[in-house]
Amino acid sequence: MCGICGIFNFARNEPVNSEILRRMNQKLVHRGPDGEGYFFTEGKNFSLGLGMRRLAIIDLATGHQPIYNEDKSLAIVFNGEIYNFLELRQDLIQRGHRFYTKSDTETIVHLYEEYGTDCLKHLVGMFAFALWDNHKKQLFLARDRLGKKPLFYLQQEGTFAFASELSALLELPFNFSLNYPALDLFLLYQYIPSPHSVFTEIKKLPPANFLLLREDGKIKTENYWSIDFRQPKKNNRALAEEQFTEIFRTAVKQRLISDVPLGAFLSGGIDSSLVVAQMSELSPGPVKTFTIGFSDRDFSEIEYARTISQLFHTEHQEFIVQPLAIEILPKIVWHYSEPFADPSALPSYYVAQLTRKYVTVALNGDGGDENFGGYLRYLALKISQDIEKFPGLAPILKFLARTSLPAHLTGKKLWNYFQRMAAALQLSAAERNLLWHGFVNKTWRDKIYSAEMKERLSEFPPAENYLLDKFNQAPAQDIVEKSFYADLTGYLPECLLVKMDIATMANSLEARSPFLDHRLVEWAITLPPGWKIHHFTTKYFLRKLLAKKVPAKICRRRKQGFGLPLDNWFRQELSGYIRDILLSPAAVQRGYFNIAEIKNLLAEHQSGQGNHGYKLWALLVLELWHQVFIDKKFKF
1150 MCGICGIFNF
1160 ARNEPVNSEI
1170 LRRMNQKLVH
1180 RGPDGEGYFF
1190 TEGKNFSLGL
1200 GMRRLAIIDL
1210 ATGHQPIYNE
1220 DKSLAIVFNG
1230 EIYNFLELRQ
1240 DLIQRGHRFY
1250 TKSDTETIVH
1260 LYEEYGTDCL
1270 KHLVGMFAFA
1280 LWDNHKKQLF
1290 LARDRLGKKP
1300 LFYLQQEGTF
1310 AFASELSALL
1320 ELPFNFSLNY
1330 PALDLFLLYQ
1340 YIPSPHSVFT
1350 EIKKLPPANF
1360 LLLREDGKIK
1370 TENYWSIDFR
1380 QPKKNNRALA
1390 EEQFTEIFRT
1400 AVKQRLISDV
1410 PLGAFLSGGI
1420 DSSLVVAQMS
1430 ELSPGPVKTF
1440 TIGFSDRDFS
1450 EIEYARTISQ
1460 LFHTEHQEFI
1470 VQPLAIEILP
1480 KIVWHYSEPF
1490 ADPSALPSYY
1500 VAQLTRKYVT
1510 VALNGDGGDE
1520 NFGGYLRYLA
1530 LKISQDIEKF
1540 PGLAPILKFL
1550 ARTSLPAHLT
1560 GKKLWNYFQR
1570 MAAALQLSAA
1580 ERNLLWHGFV
1590 NKTWRDKIYS
1600 AEMKERLSEF
1610 PPAENYLLDK
1620 FNQAPAQDIV
1630 EKSFYADLTG
1640 YLPECLLVKM
1650 DIATMANSLE
1660 ARSPFLDHRL
1670 VEWAITLPPG
1680 WKIHHFTTKY
1690 FLRKLLAKKV
1700 PAKICRRRKQ
1710 GFGLPLDNWF
1720 RQELSGYIRD
1730 ILLSPAAVQR
1740 GYFNIAEIKN
1750 LLAEHQSGQG
1760 NHGYKLWALL
1770 VLELWHQVFI
1780 DKKFKF
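Under the numbering used here, the first residue of the sequence shown carries the number 1150, and numbering increases by one thereafter.
Right, dumping it as structure tokens:
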């Protein structure tokens, strides 16, 4: 695992500024503390510089980058892991290629020699890389299918530049302007989806895409992989369980290849438990496992993780996150480079920090929910679809949605769910998905935005269109599968995988995700949706498999997630902290929000009249981002 960056001058008759490239590379040192490397070349009308920081995982002795082909006409800087590199290497040797290292990176160079950009179709793994082809005078950038590894880029004033993290690009001597529609996307979804970034001039290369840059500066981007749910479904569950067992075993086994110690994140949930169970079968010794918890038992999964640890005899470590842990939030905001409000970013950072004390690689359960139906919104969509099959029932529920709650039911969770379902039936399927997925709705955003901010956003499409379009354009017929698709191509790569990449790389730790093996993803879409969401049970297929290995209480438990007790924190230990940040003179002067509404939000929350923890967290992160990147109040 590494960090990569580069500068390509195509309309500036000057060499790459090596000092700027080194500063960019230094911003990525946490991604690769074990070494650095550079490549420079010039032509008649161009100059190029590539940089990388290395976290040594495989081929510790000779795997230094950049890596070249036999005649050095190709050079690559690479971030990630190729899990099938040994098989690819053997095939390439038989085809006459000569290898000088034992690294997976060199495999890509020779694969490109053999297949060109189609080399991507042969790779199994997570990656972002830049490959210079001196014959074609062309730079080839690519990201893996699911978007595990990030890649930011810009093109400005005759220069193209790229980097693993946005902060490295800020070392360039250009002006950067705030992307206000991206801030609106952030408040709705908690993250800024590709190709957008917080700055108008900087873009993200989307997952499963590659970019070709010619010496004249012309760019071509292309998608090389996609998923399609419109295909025949499996009908033999016993056979499907056998197939899953084999595919999953292969995915885990390939992710155990390492020249450094490895372990696993363990929450005690379905996905991480399956990963640890499979690791324990394949590993010669005890698996090292790591868990984060909270003193608030409603948010802590430690007891479930302990059960799995004891069952599979792992070497287990735990860490309890306290409210004062939020002191590190400005540094975490710096690592993300742009506003990112998934609260689990905080415990994810701490579990990665804990894990790195013992191992350099950690497997996790990311992807299990999106592939096998783990979210309650999938169940809600299914129920709404079923209700519509009874013409007489839907009008009654819609009437109740417009009816005030009886006093004795106000605040009752079950009745609230019932009324939300009734309200959802008045919406299209895509709007329902947005309702159960979106962080805050447009009504609330319009309420808190200042007149100036609303004016800035008025000329752009609504932020809601991003998810509505993904759902409506999904290659699926079943509405639950449309939601699967929207998550696999949206929420998963743009939020969850960003969180995992930043949390682990900030601590020089590599995270590997067996459930995101693209072969497993392609197989999982052939399962009928009823095998994933069965009656009122989410992730039914995986629960049945896990029931053969672990106690029933693990298989029956609801998904808990990796959240924080924000409502309590912002009423108690952090009540003064959140108020001071959001109502500081600097925050007020930014002009984004109606400050009276921010004060009302704080008052409602801290008096217990409302639960606005997640909204306040997003506003907190946004203000801290400004303090870090605009005001330069913190130095990291």
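Yeah, the Cβ is synthetic: ideal placement off N, Cα and C, and Gly gets one too.
By the CB criterion at 8 Å, G1516 and F1664 fall inside the cutoff. Distance between Q1502 and P1496, taken at the CA atoms: about 10 Å. If you look at E1364, you'll find it isn't in any alpha helix (DSSP H); DSSP assigns it neither H nor E. Shown here for Q1339: same chain residues with a beta carbon closer than 6 Å to its own, the five before and five after excluded, namely A1490, D1491, F1588 in chain order.
Linking I1727 to M1428 through their CA atoms gives a straight-line distance of about 42 Å.
Straight-line measurement puts the Cα of I1368 at about 46 Å from the Cα of H1683.
Only buried fits H1465, as 16 or more other CB atoms lie within 10 angstroms of its CB. Inclusion of R1180 and C1154 in the CB contact set at 8 Å is not warranted, their separation being larger than that value.
Secondary structure at Y1302: strand, using DSSP grouped into helix, strand and coil. In the three-state reduction of the DSSP assignment, V1226 falls in the strand class. Separation of the CB atoms of Q1287 and R1238 is rounded to 25 Å, and the pair is thereby denied contact status at 8 Å. Judged by their CB atoms, G1192 and M1173 are not nearer to each other than the 8 Å cut-off. The Cβ-Cβ distance between L1315 and S1486 falls below 8 Å. Look at N1621 here: in three-state DSSP terms it is helix. When the Cα atoms are used, P1734 and E1772 turn out to be separated by approximately 11 Å. According to DSSP, C1154 shares a beta bridge with G1200, A1312. The residues N1358, F1359, in chain order, have a CB closer than 7 Å to that of E1371 in the same chain once the five nearest residues on each side in sequence are set aside.
Rounded to the nearest whole angstrom, the CA to CA distance from I1441 to Q1721 is 22 Å.
Straight-line spacing of the CA atoms in K1382 and L1676 works out to 5 Å. Under DSSP, V1510 takes part in a beta bridge, and its partners are L1411, E1659. Cβ neighbours of G1412 within its own chain (closer than 7 Å, five residues either side excluded): V1436, K1437, T1438, F1439, T1504, Y1507, V1508, A1511. Minimum Cα-Cα distance from G1514 among the listed residues K1648, L1576, V1425 corresponds to V1425. Excluding sequence positions up to five before and after H1345, its CB lies within less than 6 Å of the CB of A1331, all in the same chain and listed in chain order. With respect to the C-alpha of K1693, the residue from L1525, R1526, L1530, L1423 having the closest C-alpha is L1423. Selection D1183, Y1264, S1313, L1269 evaluated against I1156 yields S1313 as nearest (Cα-Cα).
In this structure, the alpha-carbon of E1255 lies about 15 Å from that of G1265. Scanning the region 1420-1504 from its first residue to its last, the whole beta strand (DSSP E) runs of 3-plus residues come out as 1437-1443, 1464-1470.
Within the region 1588-1617, complete alpha helix (DSSP H) segments of at least 4 residues are found at 1591-1597, 1600-1606, given in chain order. Look at the beta carbons and you see the region 1593-1610 not touching the region 1535-1542: under three pairs across the two are nearer than 8 Å. Selection L1765, F1742, N1743 evaluated against E1753 yields L1765 as nearest (Cα-Cα). Within the region 1647-1709, complete beta strand (DSSP E) segments of at least 3 residues are found at 1659-1661, given in chain order. In the three-state DSSP reduction, L1290 falls in the strand class (E or B). Distance between N1166 and G1198, taken at the CA atoms: about 8 Å. In the structure shown, F1778 falls within a helical segment according to DSSP collapsed to helix, strand and coil. Between R1581 and S1533, the CB-CB gap stays under 8 Å.
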